[in-house]
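Residue numbers (this note's numbering), protein chains in the order written: chain A, 1 to 546; chain B, 1001 to 1380.
Think of the CB as a built atom: it goes at the ideal place given N, C-alpha and C, for glycine as much as any other residue.
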Amino acid sequence: MVSTRSVSVGPGSLSYTDLPWIIQHREDRCTLCGHCTAVCPKEAIYLAYRRQRMPKLDVLKKKRGNEYRTFVGIRQKKNMANACIGCSMCSMVCPNEAIQPVPNTNEHRTLFFNNQKGEPMKRGGRRNSVGPTLLDQIMFNRISMLTDPALDAGRHEFNITTTLGRTLDPVEFLKRTREGGWIPPTREIFPFVIGSMSFGALSPNMWLGLLQGVAYCNEVLGIPVVMCTGEGGCPPWILKSPYLKYIVLQIASGYFGWDEIIRAIPDMQCDPAAIEIKYGQGAKPGDGGLLMWFKVSKLIARLRGVPEGVDLPSPPVHQTLYSIEESVMKMIQTLSTAFDHKVPVYPKISASTSAKSVLNNLVRNPYAGGLLIDGIDGGTGAAYNVSMDATGHPIASNVRECYLDLVKQGKQNEIPIFAAGGIGKNGNVTQNGLALIMLGASGVHIGKYVMQAAAGCLGNEKNRCNVCNVGICPKGITSQNPKLYRRLDPDLVAERVGDVFMSIRTEMKKIMAPLGRSQSLPVGMSDALGIADKDAADRLNIKYVC
Amino acid sequence: MCRIALKTASEAFSPYEALQGMEAMQEGYDGSGLGLLLRGLEFEDFKYNSKFPILSGIAHTEEAWHRLNLFMEKRGFELRYDHEFETRPEMIEAKDRYRYFLRAYKMPVSLAEKTKDEIETELMLTRLALRKDGENHGNDLTAFSFWPDVACIKEIGWPLEIGDALNLSDNRIKSRVCMAQGRQNTNYGINLYACHPFFIQGIATMTNGENTAFVPIRDWLLGKHFPGYTGYQSDSETFTHILHYTLKQLKLPLQAYKHIITPLRGEELANHPQGEFLTGLRDSCRRLIIDGPNAVIGTLPDETCLLVMDQKKLRPATVGGRPGSWAFASEMCGVDAMVPDRDPTLDFQPMREHTIIVPPERKELTIWSQHDPYPLGQAA
Chain A
1 MVSTRSVSVG PGSLSYTDLP WIIQHREDRC TLCGHCTAVC PKEAIYLAYR
51 RQRMPKLDVL KKKRGNEYRT FVGIRQKKNM ANACIGCSMC SMVCPNEAIQ
101 PVPNTNEHRT LFFNNQKGEP MKRGGRRNSV GPTLLDQIMF NRISMLTDPA
151 LDAGRHEFNI TTTLGRTLDP VEFLKRTREG GWIPPTREIF PFVIGSMSFG
201 ALSPNMWLGL LQGVAYCNEV LGIPVVMCTG EGGCPPWILK SPYLKYIVLQ
251 IASGYFGWDE IIRAIPDMQC DPAAIEIKYG QGAKPGDGGL LMWFKVSKLI
301 ARLRGVPEGV DLPSPPVHQT LYSIEESVMK MIQTLSTAFD HKVPVYPKIS
351 ASTSAKSVLN NLVRNPYAGG LLIDGIDGGT GAAYNVSMDA TGHPIASNVR
401 ECYLDLVKQG KQNEIPIFAA GGIGKNGNVT QNGLALIMLG ASGVHIGKYV
451 MQAAAGCLGN EKNRCNVCNV GICPKGITSQ NPKLYRRLDP DLVAERVGDV
501 FMSIRTEMKK IMAPLGRSQS LPVGMSDALG IADKDAADRL NIKYVC
Chain B
1001 MCRIALKTAS EAFSPYEALQ GMEAMQEGYD GSGLGLLLRG LEFEDFKYNS
1051 KFPILSGIAH TEEAWHRLNL FMEKRGFELR YDHEFETRPE MIEAKDRYRY
1101 FLRAYKMPVS LAEKTKDEIE TELMLTRLAL RKDGENHGND LTAFSFWPDV
1151 ACIKEIGWPL EIGDALNLSD NRIKSRVCMA QGRQNTNYGI NLYACHPFFI
1201 QGIATMTNGE NTAFVPIRDW LLGKHFPGYT GYQSDSETFT HILHYTLKQL
1251 KLPLQAYKHI ITPLRGEELA NHPQGEFLTG LRDSCRRLII DGPNAVIGTL
1301 PDETCLLVMD QKKLRPATVG GRPGSWAFAS EMCGVDAMVP DRDPTLDFQP
1351 MREHTIIVPP ERKELTIWSQ HDPYPLGQAA
């Protein structure tokens, strides 16, 4: 036994089995090409020279001695800053299948050390909870069987668009038509919207790829997809392009990018799809954007109107507020006016027990064009881990409550509710989306799913990767470093966006056809839903099935 | 799937004729109910004044019958005619039928000063109050309609048997319009209130097929908090209420009905002369889009008859006839049975965009297409 002082072990010392991911390296296969160490975003692995003592006994000479062998291998760093994140870039670039990270099945102690220098853990991604979500468990079980056979999803004609924007009550619509009054603007869109991910959070190549894909969906595939900018403005070339009509411009508490937008209004060739005012976000309710200096490149700085390389934490609330109700009303009206009352304006809030009161304010606000509610499973580019994991409200019951409240007032067609947060978390994007639509949402926003499906984002809910916040995205999706984002080919992203939406469209038909629905999106068709969980069935007011 | 048939003729005829049309289509229903709605009434033993509202329904017990009499008296309606059916109860499946009633009343004097709307509201509220009264007493009273010149008969069983049980072939009742439905139970329990045709304030419709968008439509109609938008024992009742909403609440022309329940597609609307208005109408009435498959047959207080299909047109219906006599039926054989002396080559099967109208003069069919210009002036 030696005294501990002679061994370099401190309170924060970790061994391989303490880390969430352990690098398995096969020296017999390694060609020492160095690709893995070069690509690792965390610099978690390094090429190491090791010396091995080979005891040598010369029997004839009756002499004991040693020989030393030198060898080279890949080793993993054990400090927190360089702990492996499991992204697997090393195994993707390895020409010889010599290396891969494997998840540590032991309880890893890094959980107790992820607050270095007093700074709690921050990350990108979403709530780290695994397993089927509530939405995954919902079944569509009102199948047309007896007298009216199910439809043919492949050959029948389907109308599957939804309305974005406020719709008037029929009586009021006719009155305004007669009197030449203002009819609030609406858009007919695909009910799966690419949710707000800012130019800043996303790399220029990712943004370009998404927009190309969206344009292709609209102009070639006939799927009217729209995408939201997130806070952080919009590149000027898009603002003045005909593609603006596919873009929902977001304004959030930092107002980043809105100088550019306002200045571009006179030169706009078309109106944007809508304006989204972000009051809250499901992943980090009550928190603002958190763009760190690593990601504030020259381009981002220009778009946002700030110096390069500074942290850009947005305030949690809009600073001009005296009271939220008043501000919501004023902001909606102001933005509606800025675009000549021709663009729908709607707020985005975190799912919350108070969502109903926000909704009821909107019902009385003639300029409000909808409400987007973002649930606890929503994703983000950067947030405190505790906000993501423990703060917020699940989306399903929140949307259902709000919808039923509108039903009671007979206003469910007037204010569309959009839902976000965890749709497609386990890959079941269409099933999750249509479940929410049948619970009462007019459409859903998907962000993380698009990153995963269209760009190959590596993040998951076992805390794999999730380093969007520090600008080292190994796929180049959320990085502003040209060396990283050049890894992402915008054309390939665009192609995948097309794949994703074509497949969602087909799956929608596959779900709607057996229900006998084809002529309108089945918003609020709760009689088609069942779940094998009695409490959830009661809470959502749908059928319990087993 | 239910079978539906309508006959309209300048000369009043016996409802038994429509039942024969129903019999021709008998493969399509399961004996879960028959509904008849008659307009333009003539009684053998009473010279009927078509302004007198007629109350139709069933009293299931003697006590309910007395309550009904008392209620109507208290409300100020004066009984003018009480049609007594010569029933053969042994042919009726249900045993709790104390009395089928079909009674003409004189309006209370207190209503003389009231506007048309107020009178119509009073008639509807009276019917609803009777219905409520029955529901409060273990469903011992069923009220189908209370309206001038409209009679309604509904019973559970096979159509022709019910016709025989109520002796409808005796020509004591005749009408110029007769709607008949043989019910195939689709979703919901067998219930007298679930039998078509459905009726509200002079407007009646009946449907075959299933309304797959029932729940969202029902929820929206309930949200209007209009007292007559209630019931919904059958998914098809929403079609009647949508027609009522279109004509009475929105005061739109009949053409609008089709534009509301099955709006044109986006690209079709873009090419329509009134596309902008119709797009707005589609958006504001979006929750009323039906999703079929259905054929909807309706009649209006002025004896106008209409037929529309859902967008998928998976439930064909045929219309045929000759000047003075026309028939709509869910099957061609139904038309044959009701108006045999017509030229069948002129029969018409409407497409998804069509509304078939037989106006009160009954001289010819009118076929409206949704692609035709919409009468915007009337909207104003």
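Check                                                                                                                   : Outcome
Any chain A beta carbon closer than 8 Å to B:Ala-1380                                                                   : Low local confidence applies: a pLDDT of 41 at B:Ala-1380 is under 50, so the model's placement there is unreliable, and no value is given.
Residue span of the beta strand (DSSP E) that contains B:Phe-988, given as start and end                                : Nothing about residue 988 of chain B can be reported from this structure: the residues present for chain B run from 1001 to 1380 only.
Delimiting residues of the beta strand (DSSP E) encompassing B:Tyr-1016                                                 : B:Tyr-1016 -> not in any beta strand (DSSP E); alpha helix (DSSP H) instead, spanning 1015-1024.
Proximity test, Cβ basis, 8 Å: B:Ile-1289 and chain A                                                                   : yes
Nearest-angstrom Cα separation, counted from B:Glu-1267 out to B:Val-1150                                               : 42 Å
Residues within the stretch 200-220 of chain A neighbouring chain B, beta-carbon criterion of under 7 Å                 : none
Cβ of B:Tyr-1188 within 8 Å of any chain A Cβ                                                                           : Unreliable positioning characterises B:Tyr-1188 in this predicted model, as indicated by a pLDDT of 49, which lies under 50. The coordinate reading is nonetheless provided below. So, not an interface residue.
Amino acids of chain A, ordered along the chain, whose beta-carbon sits closer than 9 Å to that of B:His-1225           : Gly-410
B:Trp-1220: contacting residues in chain A (beta-carbon distance under 9 Å)                                             : Val-407, Gly-410, Gln-412, Asn-413, Gly-524
Residue interval of the alpha helix (DSSP H) (run including B:His-1259)                                                 : 1255-1261
Chain A residues whose Cβ lies nearer than 7 Å to that of B:Gly-1381                                                    : Outside the shown range of chain B, which is 1001 to 1380, sits residue 1381 of chain B, and nothing can be said about it.
Within chain B, the residues that A:Asp-169 reaches when beta carbons sit closer than 8 Å                               : Ser-1284
Listed by chain order, chain A residues near B:Phe-1277 by CB distance under 9 Å                                        : Thr-177
Separation of A:Phe-140 from A:Leu-436, as counted between CA atoms                                                     : 12 Å
Spatial neighbours of B:Ala-1104 in its chain, beta-carbon cut-off 7 Å, leaving aside the 5 residues before and after   : Tyr-1048, Phe-1052, Ile-1054, Arg-1080, Tyr-1081
Three or more C-beta pairs below 8 Å linking the stretch 415-422 of chain A and the stretch 440-450 of chain A          : yes
Cutoff 8 Å: B:Thr-1212 Cβ touching any chain A Cβ                                                                       : yes
Straight-line Cα distance separating B:Asp-1347 from B:Ile-1273                                                         : Looking at the sequence provided, one finds Pro at residue 1273 of chain B rather than Ile. Those two C-alpha atoms are separated by around 30 Å.
Nearest neighbour of A:Ser-357, chosen from A:His-341, A:Glu-401, A:Phe-339, A:Asp-489 [CA to CA]                       : A:Glu-401
Under 7 Å from the C-beta of A:Gly-232: neighbouring residues of chain B                                                : Simply none; closest approach about 32 Å.
Any 3 or more C-beta pairs closer than 8 Å across the stretch 1140-1157 of chain B and the stretch 1119-1130 of chain B : yes
Endpoints, the alpha helix (DSSP H) within which A:Lys-448 is located                                                   : 448-455
Local Cβ density within 10 Å of A:Cys-33, reported as buried at 16 or more and exposed below that                       : exposed
Collapsed DSSP secondary structure at B:Tyr-1188 in the structure displayed                                             : For B:Tyr-1188, the predicted structure reports a pLDDT of 49, less than 50, and the residue's modelled location is therefore unreliable. The matter cannot be settled from this model.
Selection of the stretch 333-362 of chain A by Cβ proximity to chain B, strictly under 7 Å                              : none
Among B:Asp-1302, B:Pro-1293, B:Thr-1121, B:Gly-1321, nearest to B:Val-1308 - alpha-carbon criterion                    : B:Pro-1293
Amino acids of chain A, ordered along the chain, whose beta-carbon sits closer than 7 Å to that of B:Gln-1026           : Going along chain A, no residue has its Cβ under 7 Å from B:Gln-1026, so there is no contact; the nearest lies around 15 Å.
Beta-carbon proximity of B:His-1259 to B:Leu-1288, cut-off 8 Å                                                          : no
Contact list for B:Thr-1262 against chain A, beta-carbon separation under 9 Å                                           : Gln-519
The stretch 1306-1318 of chain B: positions lying closer than 7 Å to chain A by Cβ                                      : Gln-1311, Lys-1312
Top-ranked residue by Cα proximity to B:Phe-1198, from B:Leu-1192, B:Met-1206, B:Asn-1191                               : B:Met-1206
Cross-strand partners of B:Tyr-1105 (DSSP beta bridge)                                                                  : B:Leu-1079
Buried/exposed call for A:Met-502, threshold 16 Cβ in 10 Å                                                              : exposed
Candidates A:Tyr-279, A:Gln-431, A:Leu-211, of which the one nearest A:Arg-496 by Cα                                    : A:Leu-211
Of the residues B:Arg-1342, B:Gln-1020, B:Cys-1002, the one placed nearest B:Ile-1162, counting alpha carbons only      : B:Gln-1020
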